[in-house]
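Quick note, our numbering runs 19 ahead of the 1-based positions in the sequence shown. Where is the CB? At the ideal position from N, CA and C, for every residue including glycine. Source: prediction; values computed, not measured.
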Amino acid sequence: MKVPIYKLEFEKNFIKEYQKGIRSILNSDSLSEGNFVEKFEYNFAKFINSKYALAVSSGTAALEIAFRAVNPRRKKIIIPTNTFFGTAVAVTRSNAQIQLCDIENDTFSICPEDLEKKINKNIGAVCIVHVGGIISKNIKNIIEICKHYKVPLIEDAAHAHGSYYGNYRAGTIGDIACFSFFPTKVMTTGEGGMVTTNTNKYLNMMKSLKNFGRDNNDIKFQIYDGHNYKMSEFQGLMGFMDLKRVKKRIKKRNDIAKKYNEYFKDNEYFWTVNQSKGLCSHYKQIIKTKVNNNLLRSFFKKNKIILTSEVWKYPIHLQPFYKKNFKNSNFPNANHFSKFHICPPLYPELNHKEFNHIINTFEKATKLFFK
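Dropping the structure here:
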């Protein structure tokens, strides 16, 4: 049996309603940033429990305008080295320098101890990443460190739609949060992103930055060096509709994650990573192991299972574009994690037979590598 890395299905009613929406757009006067984008922003803000939401063209665009909004003096920005390189690209495109931090061993977010060593008055922002949808159990500590140094906190919540830990809800933890709607994400607009904030000042600046830097009150004038990061009505329609089913799809992800957790309970060779309190979106099922993930990836491929990409295989300090800047840096937790974890398929469309084939392959891997 072949298990794909990813599947995305739309119900017949969804397709019918989307087609109806497309006809409505084509009969309107606006193909970009019209009624559906506004509806999507309004309802996404309600879903996140944020005061404002602003739709953009991608998650990376969301991060870039967020960094620019909180860091106009272009100081260094702290990010975890264990992140998708889109986070780093957004810092670079905001004309700031990157300061890397190591990660925690359990939730793979930014390490508070390393953050405390590196944060100072020359830092313009700190960015936390909710890896796989997991919110750090040390999030309160991270918030307090940022407040002590009066440094804005940005959330890279690309994986974390709907996640919360205790009273900390992804999208409302920092000064600004950034979401992605890439097709593999918890919800999608095809391509697209969203920023959420409770601060009117940041909202107004980001509105301008995503629209060529135009004055929000008089678009004849340019007041910032902006970009065209607007969302089309077709994307807005998709997001507005997909948001209606996101809670149901997150529940399906959690149901599958519970099955993984049950199988790996008390397993001495593979163990799952869980969020202890609250809800995880389970964009990824992260499994730590004692075997190098190159070997496991090859073994699973032979058994017709394509493992999803790790989070992440090559941290920022090992990326060709950035590694020259971090030759003398040491990130032991990120280095180890990058080699000794895998992410098996997890998506709402994963069926019972496919899941069983994945589990059977884990049993084969255990016999091959450990016994």
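In this chain, the beta strand (DSSP E) harbouring PHE198 covers 195-199.
Straight across, the Cα-Cα distance linking ILE41 with PRO202 is about 19 Å. About 6 Å separates the beta carbon of ALA81 from that of MET213, a gap short enough to meet the 8 Å contact definition. The region 121-141 makes contact with the region 161-169: 3 or more CB pairs, one atom from each, lie closer than 8 Å.
Looking from the CA of ILE335, the closest CA among GLU368, GLN118 and PRO131 belongs to GLN118. Here the alpha carbon of ALA74 sits roughly 10 Å from the alpha carbon of CYS197. Assignment of SER47 by DSSP, reduced to helix, strand and coil, places it in the coil class. Taking GLY53 as the centre and dropping the five residues before and after it, the same chain places the C-beta of SER47 and GLU252 closer than 7 Å to its C-beta, in chain order. Put simply, the backbone Cα of PHE283 is about 7 Å away from that of PHE289.
HIS371 sits exposed, since fewer than 16 C-beta atoms from the chains shown fall within 10 Å of its C-beta.
In the DSSP assignment, VAL56 falls within the unbroken alpha helix (DSSP H) covering 54-67. DSSP, reduced to helix, strand and coil, places ARG188 within a strand of the structure shown. Around the beta carbon of LYS220, a 10 Å sphere encloses fewer than 16 other beta carbons of the protein chains shown; the residue is thus reported as exposed.
The continuous alpha helix (DSSP H) containing TYR221 extends over residues 219-228. In the DSSP assignment, no residue is bridged to LEU315.
Taking the CA atoms as reference points, ARG188 sits about 24 Å from VAL110. Within its own chain, the residues whose Cβ lies closer than 7 Å to the Cβ of LYS296, once the five positions on either side in sequence are excluded, are TYR184 and GLY185, listed in chain order. For VAL108, there is no enclosing beta strand (DSSP E); the residue is part of the alpha helix (DSSP H) that begins and ends at 104-112. Across the structure, VAL265 and SER348 are spaced so that their CA atoms are roughly 40 Å apart.
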